[in-house]
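Quick note on my numbering: the sequence shown kicks off at 1 and runs consecutively. Just below is one structure, and these are the notes that go with it.
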Amino acid sequence: MNIGLFLDVDITLTVGLIQEKFAELLGIHDEYIIIEEAFQSNSISSDEFGRKIVELFSKNDFSQKFVKDNFDNIVLNSWIEEILDLPVTVYLVSSAPSYYIYRLAKKYSIPKERILCSEYTFNINDRLVKCKAVSAQVKKDFVHKHKQKHLFSIGIGDSPTHDGPFVSECDLSILTKQHSGYLYAESLENVYTTIKSINDTIEKNALLSAERKLRKSESEQKISVSPHWKGRNYKLNNQLCFLLMPFSEEWSKDVWILIEDIAKKSGYECKRADEQNGRIIMNDLWKGLNKANVLMKLVWRTF
Numbered sequence: 001m002n003i004g005l006f007l008d009v010d011i012t013l014t015v016g017l018i019q020e021k022f023a024e025l026l027g028i029h030d031e032y033i034i035i036e037e038a039f040q041s042n043s044i045s046s047d048e049f050g051r052k053i054v055e056l057f058s059k060n061d062f063s064q065k066f067v068k069d070n071f072d073n074i075v076l077n078s079w080i081e082e083i084l085d086l087p088v089t090v091y092l093v094s095s096a097p098s099y100y101i102y103r104l105a106k107k108y109s110i111p112k113e114r115i116l117c118s119e120y121t122f123n124i125n126d127r128l129v130k131c132k133a134v135s136a137q138v139k140k141d142f143v144h145k146h147k148q149k150h151l152f153s154i155g156i157g158d159s160p161t162h163d164g165p166f167v168s169e170c171d172l173s174i175l176t177k178q179h180s181g182y183l184y185a186e187s188l189e190n191v192y193t194t195i196k197s198i199n200d201t202i203e204k205n206a207l208l209s210a211e212r213k214l215r216k217s218e219s220e221q222k223i224s225v226s227p228h229w230k231g232r233n234y235k236l237n238n239q240l241c242f243l244l245m246p247f248s249e250e251w252s253k254d255v256w257i258l259i260e261d262i263a264k265k266s267g268y269e270c271k272r273a274d275e276q277n278g279r280i281i282m283n284d285l286w287k288g289l290n291k292a293n294v295l296m297k298l299v300w301r302t303f
């Protein structure tokens, strides 16, 4: 698809922070919020944040079963359903946990190759044991790599610190929280309207371009072959291409050899029109053109 849509998840897609909600459900919100505030203020790195979360959650019986049972307790913001349903290529780019994001992605048919998130690992006993965190730079590099596949890219996040670097990689960068240097989306309805408008414009231009190419192709196909030429050992359903060039005895042979070689490599067959047939074709296709000093060559491809 022509538009690549790169979305943060925490707060951008969800109401509040994902892990904060799980901490609340586990009854450890106060302990969690200390870690979260340290991360948001850049007092600790992404890696240290991940280690602290693993330590806190694992000692409080957090498991994949718990995630599955409480998945629907993570509420999505209004208009997210509509945004994810747009005919664009959606990427999820977030420091949020894989144990939630992969389930969300599956629900909306977003493949893993279009997901970047912090990878949380559970052991055989369904105990949280490890986190491979995602930094702002890693997210930026991910977007830089994948945006090349699209005609237009849109990045949406909420934090200038953690999301700013990756949304800035996009042609259009939007934050859901007001901050200087970024386009501010007052509501996700505005985001939906903007994306839809851009996509509609691109699709309209693509249709117009396709129509122009079709008209050009149809116009070229209107060139007919002389009735004198029909039946002369050539199938009537051949697609014919007539190549005209200035004539010169000195170089015409070498030029023909070059043309023949190029045509063969492209899957075409070539035959030089003889003087008599050349006159007949030219008389029928371009009245009066046969008076010019030209040499005609015939190139055709059978389908």
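Positions of the beta carbon are idealized from the N, C-alpha and C atoms, including for glycine.
Item: Local conformation of T176 per DSSP, three classes; Value: coil
Item: D126 burial status per 10 Å Cβ neighbour count (16 or more: buried); Value: exposed
Item: 6 angstroms Cβ shell around R114 - same chain, five flanking residues per side excluded; Value: Y91
Item: Euclidean distance between Cα positions of L17 and I11; Value: 6 angstroms
Item: Beta bridge counterpart(s) of K130 as assigned by DSSP; Value: T121
Item: Segment contact flag, the segment 131-143 with the segment 38-54, C-beta cutoff 8 angstroms, min 3 pairs; Value: yes
Item: K59 classed as buried or exposed, judged by whether at least 16 other C-beta atoms fall within 10 angstroms; Value: exposed
Item: Contact check, E169 vs V143, beta carbons under 8 angstroms; Value: yes
Item: Residues of its chain near F152, where Cβ-Cβ distance is below 8 angstroms and the 5 sequence neighbours each way are ignored; Value: N2, I3, G4, D171, L172, I198 and I202
Item: Whole-number beta carbon distance between I124 and F6, since they are thought to touch under 8 angstroms; Value: With a Cβ gap of about 35 angstroms, F6 and I124 do not count as contacting.
Item: CB contact flag (Q40, P97, <8 angstroms); Value: no
Item: Sequence-distant residues of its chain with Cβ nearer than 7 angstroms to K196 (five each side left out); Value: L86
Item: Bridge partners - V93, DSSP secondary structure assignment; Value: L116
Item: H162 and S95 closer than 8 angstroms at C-beta; Value: yes
Item: Cβ-based burial, V15 [other Cβ within 10 Å; buried from 16]; Value: exposed
Item: Between the CA atoms of N205 and I74 - distance to the nearest angstrom; Value: 39 angstroms
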